[in-house]
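Engineer: With numbering that gives the first Met the number 0 applied, the sequence shown covers 0 to 61.
For each residue, glycine too, the CB sits at the ideal point set by N, CA and C.
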Amino acid sequence: MQIGTSLFLLAVGAILSFAVQDRISGVDLTMVGYILIAVGALGLVLSLILGTRTRRDLPPPR
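1) Taking the Cβ atom as the reference point for each residue, do residue 15 and residue 43 lie within a distance shorter than 8 Å?
2) Please state whether DSSP places residue 31 in a helix, a strand or coil.
3) Which residue marks the beginning of the alpha helix (DSSP H) containing residue 11, and which one marks its end?
4) Check whether the Cβ atoms of residue 32 and residue 3 sit closer than 8 Å, and answer yes or no.
5) Compare the Cα-Cα distances from residue 18 to each of 38, 46, 30 and report the closest residue.
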């Protein structure tokens, strides 16, 4: 997951959690929003960790 996708999931999750007041039968939109926020935050942290780790492993340019 890249940084852009993680930020998108965070934004959609925040909108579902805090701004949407509609109800869908059998679906708790607030919980779906919280799950998307958690997945987006986890993806952002992993993207940052893996992105900095792989850049250190590259040989210096010639």
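Structural biologist: In short:
1) In the sequence shown, counting from the first residue as 1, residue 15 sits at position 16. In the sequence shown, counting from the first residue as 1, residue 43 sits at position 44. Their beta carbons are not under 8 Å apart, which means residue 15 does not touch residue 43 by this criterion.
2) Start at 1 with the first residue of the sequence shown, and residue 31 comes out as number 32. Of the three classes helix, strand and coil, the one that applies to residue 31 here is helix, per DSSP.
3) Mapped onto the sequence shown, residue 11 falls at position 12. Segment 2-17, the alpha helix (DSSP H) holding residue 11.
4) Working through the sequence shown from its first residue, we reach residue 32 at position 33. Working through the sequence shown from its first residue, we reach residue 3 at position 4. Going by C-beta atoms, residue 32 is not nearer than 8 Å to residue 3.
5) In the sequence shown, residue 18 corresponds to position 19, counting from 1. Closest by alpha carbon: 30.
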